[in-house]
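Notes follow once the structure below has been shown.
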Amino acid sequence: MRKRTLVLNDRDNVASALTDLQPGEQVPVFGPAGSVQQIQLRQAVPLGHKLAIQAIGCGEVIVKYGMPIGLATQDIKAGEHVHIHNVTGEGMDA
Amino acid sequence: MEFLGYPRPDGQIGVRNHLAIIYTVECAKVVADRIARQFQGTQLFGRRTGCNWSKPVFDKLVALGSHPNVAGVLVVGFGCEYIEATDISAEIAKTGKPVETVMIRASGGTLKSIELGSRLVRQMMLQIETLPRQKMTTSDLVVGMDCSGSDATSGLAANPAVGVASDLLIEAGATVYFFNVWQELLGLGEVLADRAINAEVAERLRERCRSAGNPPVSLGNQRGGLTTYREKAVGALCKGGTKPITGIVEGFRRPSKPGLYLQEFVEGSNEGESDPQCAMAMAAGGAHIVVETTGVGTVTGGIIAPVIKVCGNPQTCALLVDDIDIDASPIMEGEADVVEIGALIYREVLAVADGRLTVTEILGHFED
Numbered sequence: 113m114r115k116r117t118l119v120l121n122d123r124d125n126v127a128s129a130l131t132d133l134q135p136g137e138q139v140p141v142f143g144p145a146g147s148v149q150q151i152q153l154r155q156a157v158p159l160g161h162k163l164a165i166q167a168i169g170c171g172e173v174i175v176k177y178g179m180p181i182g183l184a185t186q187d188i189k190a191g192e193h194v195h196i197h198n199v200t201g202e203g204m205d206a
Numbered sequence: 282m283e284f285l286g287y288p289r290p291d292g293q294i295g296v297r298n299h300l301a302i303i304y305t306v307e308c309a310k311v312v313a314d315r316i317a318r319q320f321q322g323t324q325l326f327g328r329r330t331g332c333n334w335s336k337p338v339f340d341k342l343v344a345l346g347s348h349p350n351v352a353g354v355l356v357v358g359f360g361c362e363y364i365e366a367t368d369i370s371a372e373i374a375k376t377g378k379p380v381e382t383v384m385i386r387a388s389g390g391t392l393k394s395i396e397l398g399s400r401l402v403r404q405m406m407l408q409i410e411t412l413p414r415q416k417m418t419t420s421d422l423v424v425g426m427d428c429s430g431s432d433a434t435s436g437l438a439a440n441p442a443v444g445v446a447s448d449l450l451i452e453a454g455a456t457v458y459f460f461n462v463w464q465e466l467l468g469l470g471e472v473l474a475d476r477a478i479n480a481e482v483a484e485r486l487r488e489r490c491r492s493a494g495n496p497p498v499s500l501g502n503q504r505g506g507l508t509t510y511r512e513k514a515v516g517a518l519c520k521g522g523t524k525p526i527t528g529i530v531e532g533f534r535r536p537s538k539p540g541l542y543l544q545e546f547v548e549g550s551n552e553g554e555s556d557p558q559c560a561m562a563m564a565a566g567g568a569h570i571v572v573e574t575t576g577v578g579t580v581t582g583g584i585i586a587p588v589i590k591v592c593g594n595p596q597t598c599a600l601l602v603d604d605i606d607i608d609a610s611p612i613m614e615g616e617a618d619v620v621e622i623g624a625l626i627y628r629e630v631l632a633v634a635d636g637r638l639t640v641t642e643i644l645g646h647f648e649d
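Chains A and B, in that order, give the protein sequences.
Here the working numbering is used: the first residue of the first sequence is 113, the next is one more, and so on.
Here the working numbering is used: the first residue of the second sequence is 282, the next is one more, and so on.
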């Protein structure tokens, strides 16, 4: 079965789109130990971009590869596009 | 897992049996190249620019000549350059392997040097063909992980898959180097320090990554989905896998303990920051084999250590089908997962160690 999202680590709160995802689509997101959750896309997420797979609060860490990659600059809902408009690379430890 | 390697007089063991021809200066390159062309399968490399003294370049050339994948060496110099061919030969000869030297000026110029050098190489090649083989295992192996021509797929497919292979190699007792140019380390100090095996290594990693700030992500990268510099840096780092970091490769010395090591260019030793220069640096540090991930694709290989190409971009894999060893693009197509491609890469490393030629070896891509 062709997957449409990729989660790189069990601790991640984002998944990467393996194809252009459209708002309103429901996509399976594969999590730890073979678990699957269905996520409803609230926005378009292009190939290679990220979608939130759980709610992320303003100021919270975006986790990818099991590591912090940025901080949310606003509240983000599951299924929303996560990118430069709602994430900053500043303010993380050096 | 066991395979047959080539034991060297100094106790090292290699996965190839190369005759290396080293030119110490640009003025010696054509003669060295003409000697190489008389034979099937020599490895030609040297110092392409400048003739002043450089300890890092000297050390690099000695390290490459002393490499366990090298069975014998011819060093070709002109005679007035500051890196003296006889000094290089003397250092490499300490390993006990056959080493010969040709000085172009003293030998009487181009044609006489080509003849003299060719006869010396012929003699050495006959000699190295009779060397016995010896069993080697994964705990004897050093494998280098490098990125080249990265794109958005690198951090999603090729690098994570290579990271899985890194973990498998470490679990099997091998030594793995992950290669980063300094810009890729900016801001990663704490991330790396957290994985260090002890406080001393942690501090050295922090020191290495100390930076003035967070560079922006390029527009091209942003369009591809990269949001922050940290995301890009971690995407490059993940080719090293998840194991604790044992240390940093010092100069061109292979570490005494197996494990995962950070490697970078030894300052002043490389001639530019190209992909072949990265592969050469990994070989000079002792890597038997180099795994190179790519997104936009490359055709280059490298000298001494066979290069395994791993590509995660489906379009690149279709276009450069002749130049890729491992197609990791099924990850991007949603048809394979990172773990299974990682296992495939691990098995490929073992096969290459056991003698399978990589695509760049077959095509003769021995860029220096």
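The beta-carbon is built from N, C-alpha and C at its ideal position, and this holds for glycine as well.
So with Cβ pairs under 9 Å, would you call D160(A) a contact of chain B?
The residue you asked about is not Asp; residue 160(A) is Gly in the sequence shown. Chain B contact via Cβ: present.
Pull up the distance between the alpha-carbon of A206(A) and that of P379(B), whole angstroms please.
Note on A206(A): pLDDT 46, under 50, position unreliable in the model; the coordinate value appears next. Between A206(A) and P379(B), the C-alpha separation is close to 49 Å.
Is there a C-beta anywhere in chain A that falls below 9 Å from the one on E554(B)?
no
Starting from the beta carbon of A433(B), find every residue of chain A whose beta carbon is closer than 7 Å, and list them in chain order.
G160
Within the 9 Å Cβ cut-off, does R123(A) reach chain B?
no
Under 9 Å, Cβ to Cβ, is there at least one residue of chain B near L120(A)?
Chain B contact via Cβ: present.
Three-state secondary structure (DSSP) at A206(A)?
Note that A206(A) scores a pLDDT of 46, beneath 50, so its modelled location is shaky; the value from the coordinates is reported in the next line. In the structure shown, A206(A) sits in coil (DSSP, three-state: anything other than H, G, I, E or B).
State the Cα-Cα distance for the pair V148(A) and L422(B), rounded to the nearest angstrom.
38 Å
Between R114(A) and chain B, is any beta-carbon pair separated by less than 9 Å?
Chain B, which has a Cβ nearer than 9 Å to the Cβ of R114(A), makes this yes.
G201(A) touches chain B at which residues, Cβ-Cβ below 7 Å?
N495, T509, Y510 and R511
Closer than 9 Å, CB to CB, is A206(A) near chain B or not?
Its pLDDT being 46, under 50, A206(A) is placed unreliably in this model, and the coordinates cannot settle the point.
For chain B, check one thing: does any of its Cβ atoms lie closer than 9 Å to the Cβ of I151(A)?
no
Quickly, what does DSSP pair P288(B) with across the bridge? List them, please.
I294(B)
Expressed to the nearest angstrom, what Euclidean distance is found between the alpha-carbon atoms of G444(B) and D340(B)?
30 Å
Would you say L133(A) faces chain B, with C-beta separation under 9 Å as the test?
no
Verify the CB distance criterion: does V141(A) have a CB-CB separation below 9 Å to chain B?
no
Would you kindly report the start and end of the unbroken beta strand (DSSP E) that includes D427(B)?
V423 to C428
Can you tell me whether E381(B) is buried or exposed, with buried defined as 16 or more other CB within 10 angstroms of its CB?
buried
Over what stretch of residues does the beta strand (DSSP E) that includes Y458(B) continue unbroken?
T456 to F460
For a cutoff of 9 Å on Cβ pairs, would you count G506(B) as touching chain A?
For G506(B), the nearest CB of chain A lies under 9 Å from its own CB, placing it at the interface with that chain.
At 7 Å on the CB atoms, spell out the chain A contacts of P525(B), in chain order.
In chain order: nothing, as chain A lies at least about 14 Å away.
In angstroms with no decimal places, state the Cα-to-Cα distance between L345(B) and I364(B).
Using only the alpha carbons, I get a separation of about 15 Å.
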